[in-house]
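Undergrad: Residue numbers (the numbering used here): 490 to 949. By construction, the Cβ of each residue, glycine as well, lies at the ideal position given by its N, Cα and C atoms. Treat the numbers as computed from the prediction; the structure is a model and nothing was measured.
#1: Going straight from the alpha carbon of residue 454 to that of residue 786, what length do you get?
#2: Out of 945, 554 and 685, which has the shortest C-alpha to C-alpha gap to residue 703?
#3: Checking the sheet assignment: what are the DSSP bridge partners for residue 732?
#4: So what's residue 616 in DSSP terms, helix, strand or just coil?
#5: Taking the alpha-carbon of residue 579 as reference, which of 566, 592 and 612 has the nearest alpha-carbon?
#6: Within 10 angstroms of the Cβ of residue 557, are there 16 or more other Cβ atoms? Answer buried if so, exposed if not.
#7: Alpha carbon to alpha carbon, how far is residue 873 from residue 886? Give it in angstroms, no decimals.
#8: Quick one: complete alpha helix (DSSP H) runs, 4+ long, within the stretch 560-627?
#9: Quick check: what's the CA-CA separation for residue 614 versus residue 651?
#10: Report the rounded CA-to-CA distance for residue 945 versus residue 894, giving the unit in angstroms.
#11: According to DSSP, is residue 663 part of a helix, a strand, or is it coil?
#12: What residue range does the beta strand (DSSP E) around residue 879 cover?
#13: Express the C-alpha separation of residue 725 and residue 947 in angstroms, rounding to a whole number.
#14: Sorted by chain position, which residues of the same chain lie with C-beta nearer than 6 Å to residue 599's C-beta, five sequence neighbours on each side aside?
#15: If you follow the beta strand (DSSP E) that residue 645 is in, where does it begin and where does it stop?
#16: Between 595, 647, 924 and 676, which lies nearest to residue 744 when the distance is taken from Cα to Cα?
#17: For residue 876, which residues of its own chain have a beta-carbon under 6 Å away from its beta-carbon, when the five flanking residues on both sides are left out?
#18: I need the boundaries of the alpha helix (DSSP H) containing residue 670, first residue and last residue.
#19: CB residue 518 to CB residue 504, shorter than 9 Å?
#20: Please report the distance separating the alpha-carbon of residue 699 from that of residue 660.
#21: Output needed for residue 900: all residues of its chain with C-beta closer than 7 Å, excluding positions within five of it in sequence on either side, in chain order.
#22: Express the C-alpha separation of residue 788 and residue 547 in angstroms, rounding to a whole number.
#23: Starting from residue 682, trace the alpha helix (DSSP H) in both directions and tell me its first and last residue.
#24: Are three or more beta carbon pairs between the stretch 708-724 and the stretch 616-627 nearer than 8 Å?
#25: Taking C-alpha atoms, which residue in 522, 924 and 911 lies nearest to residue 853?
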């Protein structure tokens, strides 16, 4: 593999692209160009992590072992936790402990959480006791909670000092804490008193008290707060981070902006996967048997629902025998239109539920609003469908049949797409939970069965 002399950023991007196509060649190149690999890892750990993710776990572990602890830890901060756990398992125990101690605590906890219990206990036993205690505290929180997202590396100032003293203190903290966008003010028992932005401190007069500069009673969350609520609060108030406090109001960490963005993306992808009947936690790298166990139950449910649709069609065999070819051609059209309309409403409602925009008291209003949209859309689509029916069936009556069935299925599909996630929430389930599978059942039953029923009434 040949790579001509490039600027560091271009070099990293070229290697990352090549790793997806020729992983063996990239591995060989990096093995023989150690200095370039070390420079890349130190300058751009994110791209270095992307490159390692394209290589095999064994090759990635070998390249990681060649690096000093700081750049190696930086790469592990950026890499997928599941792959990071595999790399730790391939490294000597002392090396694994060294890298964990050099990582950000929140990232290290995510990575350790992917290890099996035996490997986790072994690794924690080899760590510095203070670091091990901090990681154990983070591991107690659910991954999709504020506690699971937070970092304990927080800029903290004591109440009672001046703005000038605060700036001097932050100069000392600069080498220890990366995120100084928000500085939290606490009392001597570490109770959260306020928050001040770095910008406000810089422009404040040096002798002004910190309590005059800070914002009192800042928005805060508890460790058990779900990540959906964390993201909604951050969006509502335009925050780059949220403090995390315990029951007594003691500051224990902060959910940084990057973690909020990652959580929103993760929640969206989980909702999409759940709506389609895949495992909410499944990724393209999930072990085969685990992925099968998450998908298979919904495939069985899907088959059962398909049988229901088949039974509905089987009940209408008489009309199919009379006008079979034309009905067989047009039935899927009616079902597809209804399914598409339902999917549109489903997407809107699930998104609104995800950001907590649908209060229980407004469910009726949401249903009426979405059904009104479906009814209005069904009129022009029904007319066009009637034209299609006339073209295929050769008569006005066939066109009316096609148009009527389309109007009915589009309206009912919109109602189902709205009602299914609202009903699932009402009974305490995830609104995205296989909603698309249930929607497909409704629109197929109404699309196929309804069309045949209308055809029976009008064409026989």
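TA: A quick look at the data gives this:
#1: Examination of residue 454 is not possible in this model, given that the chain is present from 490 through 949 alone.
#2: 685
#3: 743
#4: Residue 616 falls in the coil class under three-state DSSP.
#5: 612
#6: exposed
#7: 14 Å
#8: 570-579, 582-591, 594-601 and 606-614
#9: 42 Å
#10: Rounded to the nearest angstrom, the two C-alpha atoms are 12 Å apart.
#11: The answer is coil: DSSP assigns residue 663 none of H, G, I, E or B.
#12: Where residue 879 is concerned, there is no enclosing beta strand (DSSP E), although the alpha helix (DSSP H) it sits in stretches over 852-882.
#13: Those two C-alpha atoms are separated by around 54 Å.
#14: 570
#15: 645-647
#16: 595
#17: Contacts found: none.
#18: Careful: residue 670 lies outside any alpha helix (DSSP H) and carries neither H nor E.
#19: yes
#20: 16 Å
#21: Annotation for residue 900: 860, 863, 864 and 867 place their beta carbon closer than 7 Å to its own, counting only its chain and skipping 5 residues before and after.
#22: 35 Å
#23: No alpha helix (DSSP H) contains residue 682, which is instead part of the beta strand (DSSP E) from 681-686.
#24: no
#25: 911
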